[in-house]
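For the protein sequence lines, the chains are A and B, in the order given.
According to this note's numbering, the first sequence is numbered sequentially starting from 1.
According to this note's numbering, the second sequence is numbered sequentially starting from 325.
Ideal Cβ placement from N, Cα and C applies to all residues, glycine included.
Notes to accompany the following structure.
There are 2 protein chains.
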Amino acid sequence: MKKSPEFSLIQQYFHTLTTNREDVIVGIGDDCAVLNNPQDTYTAISIDTLVQGIHFFADVDPYRLGIKALAVNLSDLAAMGAEPAWFTLALTLPEINDEWLKQFSAGLAHIAKQHQIQLVGGDTTRGPLTITIQVHGHLAKENIPQRNAAQTADLICVTGCLGDAAAGLKYRLGQLDTALLNDGDIEYLLQRLEMPTPRNQIGQQLMGKAHAAIDVSDGLLADLNHILSASNKGAKLNVSALPISSVLQKLPVEQVTQLALTGGDDYELCFTATADNVARLQQQFPEMIHVIGEITEDKGMKYQNAQGEWQAFSEIKAGYDHFA
Amino acid sequence: MKKSPEFSLIQQYFHTLTTNREDVIVGIGDDCAVLNNPQDTYTAISIDTLVQGIHFFADVDPYRLGIKALAVNLSDLAAMGAEPAWFTLALTLPEINDEWLKQFSAGLAHIAKQHQIQLVGGDTTRGPLTITIQVHGHLAKENIPQRNAAQTADLICVTGCLGDAAAGLKYRLGQLDTALLNDGDIEYLLQRLEMPTPRNQIGQQLMGKAHAAIDVSDGLLADLNHILSASNKGAKLNVSALPISSVLQKLPVEQVTQLALTGGDDYELCFTATADNVARLQQQFPEMIHVIGEITEDKGMKYQNAQGEWQAFSEIKAGYDHFA
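If you want it as structure tokens, here you go:
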């Protein structure tokens, strides 16, 4: 299927904006893109859709939306330890809005160049605003960090900070008490929500070092729970070790802990590894890798209460559920 | 990005319905699917979106829609000569409708099994009904039929019959005079519209035999024009040689010619090849390969009028244009 006007649309706004990789044999403009896989690698792929009104607000800055649309997919490659290579874009638009397309494609191009990932194909159709991106990455054939590979006594780590994006969302919904925050703080939280930084550099170093990995998109408890279920393990969490940004530290500690445990959209990595390998990663990425707990043979997730007793989380929040 | 309820949705309806290929290392359920590419092949990919109200009617049979959604993508692989391997599905649904999902996934599974293509990943989100599928195929590293490779004196061929799907669409729109058709005829036309047969068997035999190829999705003139523009050639068409089904032959010849030349959605292949190679392909696929013209050094598309004179098509219709 091809539709000439849309192809020229795609070409006009997107074609020249991304890297020209040598492994792209046929790019945009034929029935298929043709791609050359490196020898002795697997291909890792992931596809995600963002729908207006569900995943983003109608008035979101289109430049930022372009960044986010690719970032959430790059984050899946990061969680698998894959090196970004190619992506496709299926864009459904209510109308051709030149300014919107310019801004959106500029944001997309910005993050694509950062990660050396090339747009190789797409489809543009008319309809309610929906953005589907599929990313393709290269992956060595061994030591792929998967959800089901956590080992008892592994340390549980997260990158960056947790809860910022959820606080940004609360702000957008008019539900955040901003008395203690300045304009710069709010802009920081919004950037974390609207332009997440996928952790691909760290993700590519997890091969052979992390046992299990996932990206934190639905909230730490929900995503860590995917690892625990798949690995048939449990966890002890040190809630006071959760990495919290200096901005979020200005808010009440209980609210912040809740945001860090259950807030989605952070796109940090959560992984499990031996203490030795965690130390190696912490040397490679100073200040970025935070130990927040330990994998246990006993099922369930526990935390230490004020009395120093290990207590089960009463409820694992399932994160953001589109159909709930 | 992952959203547990949707993943289980995908798994519930789609997971067990398609082939289990050995080259799928990690399938549905992790951050990425992990795929093993055969040695010495390229990967061909294509992504297409179908939007309700634009590409299909709201009341279309969901089983047929499942078939069509994958068929239009398989057709792109066919035009590139690629062997189908894997696909992903990004499905946006206004609500969870059990019966609709059962039927849609059954149609999808039916055609997926026919073509030995496996569902390896997906995303299900809430929103207006939109179906995006990306297909992946394997491709030998030489003699890929591309749009820009037509040679002067190549014969122009099409598979199957042309115009049926466009007549089916006319019927659905209440614009087809059905006085000369019976119920079986109408069902045939609707099947050609709603459950096209992608020509992958023929497509895979085009390697090394066809110079240029494309699938007929926007209409013969529009799609052949893509080949001519990319190859910097022209064409002489023998309009009386256009392959017309026995059903369509019941309609007035002028209307039928118009449908065959400009109607979209047939998903037949149009390719150019030397006379020797056309003869070989005709032997391999009896009754399926029709010679309809010849590539010329002179630009433009011409046909022979009633007086036997070569005349330019007054207008190359651009096919179905979503934004026009």
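| query | result |
| --- | --- |
| Contact set for A:S46: own chain, Cβ-Cβ below 6 Å, skip 5 residues either direction | N73, D76 and V135 |
| According to DSSP, residues forming a beta bridge with B:Y627 | B:L561 and B:Q635 |
| Sufficient close CB pairs (3 or more, under 8 Å) joining the region 181–190 of chain A to the region 261–269 of chain A | no |
| For A:A82 and B:C356, believed in contact at Cβ under 8 Å, the rounded distance | 6 Å |
| Pair within 7 Å by beta-carbon distance, A:A235 and A:I295 | yes |
| Listed by chain order, chain A residues near B:Y366 by CB distance under 7 Å | I25, V34, L35 and N36 |
| Contact set between B:L463 and chain A, taken where Cβ atoms lie within less than 7 Å | V34 |
| Any chain A beta carbon closer than 7 Å to B:T449 | yes |
| Cutoff 7 Å: A:Q146 Cβ touching any chain B Cβ | yes |
| Own chain partners of A:L206 with C-beta closer than 7 Å, once the 5 adjacent residues on each side are dropped | G81, P145, A213 and F271 |
| The region 125–141 of chain A contacting the region 218–230 of chain A, beta-carbon criterion three pairs below 8 Å | no |
| A:T197 burial status per 10 Å Cβ neighbour count (16 or more: buried) | buried |
| Any alpha helix (DSSP H) of 4 or more consecutive residues that is wholly inside the region 84–169 of chain A | 98–114 |
| is_contact[A:L206, chain B] using C-beta, thresh 7 Å | no |
| Identified DSSP bridge partners for A:D48 | A:I133 |
| Under the three-state DSSP convention, the category A:N37 falls into | coil |
| CB of A:V60 within 7 Å of CB of B:T449, strictly | no |
| Per-residue burial, B:Q442 [other beta carbons within 10 Å of its own, 16 or more giving buried] | buried |
| Buried versus exposed call for B:Q528 [16 or more other C-beta atoms within 10 Å across all chains shown] | buried |
| Among A:N200, A:A44 and A:Y188, the one whose alpha carbon lies nearest that of B:T412 | A:A44 |
| Whether A:A210 touches A:A273 by CB criterion (7 Å) | yes |
| Closest by C-alpha distance to A:D23, when choosing among A:F56, A:W86 and A:I67 | A:W86 |
| Within chain A, the residues that B:Q458 reaches when beta carbons sit closer than 9 Å | I45, I47, T88, A90, G121, T132 and Q134 |
| Partner residues on chain B for A:P128, Cβ-Cβ distance less than 7 Å | G451 and P452 |
| Chain-order list of residues whose beta-carbon lies under 8 Å from that of B:V350 (same chain, five-residue window excluded) | C356, A357 and V358 |
| Proximity to A:A165 [Cα-Cα], best of A:H138, A:Y42 and A:K68 | A:K68 |
| Positions along the region 151–162 of chain A whose CB lies within less than 9 Å of some CB in chain D | Absence of chain D from the displayed structure is noted, the protein chains being A and B. |
| Classification of B:K326 by the beta-carbon crowding that lies within 10 angstroms, buried from 16 upward | Low per-residue confidence applies at B:K326: pLDDT is 41, beneath 50, and the placement is therefore not dependable, though the value from the model is reported in the following sentence. Flag for B:K326 reads buried. |
| Own chain partners of A:P84 with C-beta closer than 7 Å, once the 5 adjacent residues on each side are dropped | L74, L77, H115, Q116, I117, V135, G137 and N200 |
| Neighbour list for B:D488 in chain A, Cβ cutoff strictly below 8 Å | Simply none; closest approach about 17 Å. |
| Segment contact flag, the region 473–491 of chain B with the region 601–616 of chain B, C-beta cutoff 8 Å, min 3 pairs | yes |
| Bounding residues of the alpha helix (DSSP H) (the contiguous stretch that carries A:L224) | L220 to S231 |
| Chain B contact for A:M1 (CB, 7 Å cutoff) | In this prediction, A:M1 scores a pLDDT of 37, lower than 50, which makes its location untrustworthy; no coordinate-derived value is stated. |
| Cβ of A:I202 within 7 Å of any chain B Cβ | no |
| Classification of A:D98 by the beta-carbon crowding that lies within 10 angstroms, buried from 16 upward | exposed |
| Enclosing beta strand (DSSP E) for A:L70 [first to last residue] | Not the beta strand (DSSP E): A:L70 falls in the alpha helix (DSSP H), residues P62 to M80. |
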